[in-house]
Amino acid sequence: MQEKIKEALSWRYATKVFDSSKQVSEENLDAIIEAGRMAPTAYGLQPFKIIHIKSKEVREALQAVSYGQPQIVNAAELFLVAARTDVDADFITEYVERIAKTRGMDVAMLEDFKGMMIGDITSRSEEERIKWAGRQAYIALGMMLETASLLGVDTCPMEGFDSAKVDEVLGLRKENLVSLGYMAVGYRGEGDMFADFIKVRLPLETFVIEK
Ligand SMILES: Cc1cc2nc3c(=O)[nH]c(=O)nc-3n(C[C@H](O)[C@H](O)[C@H](O)COP(=O)(O)O)c2cc1C
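Listed below in structure tokens is the structure:
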């Protein structure tokens, strides 16, 4: 198991050249998305969404506001992780009701938990809330990237884009969303020099410090 994980982690790289003739199976895509859905989040609030961008025309429009990165159009699939800006008292109330229903609990038992979450979240500015949501979303993104690597599926996480313009192309603001990062998914193509690069990582002794 450990060897399999290590192998997948060193096999994974931020793919620049995708073979656009290769599709990813529904089963693999479902498993990758499920990894994001099952990710841990603060209080379990899941303050983000995953947008599956299916339209070719929209992907072309996004490439134009993403420094022309070829992965935006060449990867089999393109996802965008977006922070929710509607995490407020109503959102939290709905979440608490969902917990009670799912777990067969009396909603009154969750009053203190609800009050704590509302106090915490509503004390933050919108900017702070987006940053907070971004931290949650990136855990999910990491889990999706790792799951893909274990399945032998290539990915590229990308932050190289004009966020305001991406929001505009996708009409995100009116849906209470803000773009955070893409995940291109597919299979590596020929001639990607990055595929053979030796990984540059801090040595373990420097990466982990002991106290
Ligand atoms: C948040 C984030 C943003 C990134 N943005 C881009 C990007 O816009 N374009 C790109 O080609 N790679 C992008 N990368 C990939 C990194 O450059 C890459 O992960 C890093 O150089 C290490 O290489 P490796 O992942 O191939 O091992 C991004 C990675 C992360 C985690």
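For the sequence shown, my numbering assigns the number 6 to the initial residue and increments by one for each residue that follows.
C-beta atoms are modelled at their ideal positions from N, C-alpha and C, and glycine is treated no differently.
Residue i in three-state terms, based on DSSP
i, result
"I214", "coil"
"S71", "coil"
"S15", "helix"
"L182", "strand"
"G120", "helix"
"V190", "strand"
"E133", "helix"
"A87", "strand"
"E82", "strand"
"M163", "strand"
"F96", "helix"
"F202", "coil"
"K21", "coil"
"K106", "helix"
"K61", "helix"
"K54", "strand"
Integer-rounded CB distance, given that residue j should sit under 8 angstroms from residue i
i, j, result
"Y72", "G165", "5 angstroms"
"I58", "A189", "Going by Cβ atoms, the distance from I58 to A189 rounds to 10 angstroms, so no, they are not a contact pair."
"A40", "Q141", "Actually they are not in contact, since the Cβ atoms of A40 and Q141 sit about 14 angstroms apart, beyond 8 angstroms."
"T90", "E131", "6 angstroms"
"K54", "L156", "Incorrect: roughly 22 angstroms between the Cβ atoms, too far for contact."
"M163", "G186", "6 angstroms"
Residue burial classification, residue i (beta-carbon count within 10 angstroms, cutoff 16)
i, result
"I126", "buried"
"T211", "exposed"
"V174", "buried"
"G191", "buried"
"T1", "Past the edges of the chain, shown from 6 to 216, lies residue 1, and the structure says nothing about it."
"I203", "exposed"
"R129", "exposed"
"A153", "buried"
"F199", "exposed"
"G194", "buried"
"L34", "buried"
"V205", "exposed"
"M149", "buried"
"R64", "buried"
"V101", "buried"
"S26", "exposed"
Residue of the options minimising C-alpha distance to residue i
i, options, result
"P75", "V205, T90, D197 and K9", "D197"
"G139", "Q28, L14 and A88", "A88"
"V92", "G194, L155 and E180", "E180"
"E32", "Y187, V63, V158 and F118", "V158"
"E62", "D201, Q51 and N79", "N79"
"V29", "A66, Q51, R64 and L83", "L83"
"F118", "S184, D167, I97 and L85", "I97"
"Q51", "L177, R134 and A105", "R134"
"E12", "M110, E151, A105 and I214", "E151"
* Asked: Which residues have a Cβ closer than 5 angstroms to any heavy atom of ligand 1, listed in chain order?
  -> Matched residues: Y18, A19, P162, M163, E164 and G165.
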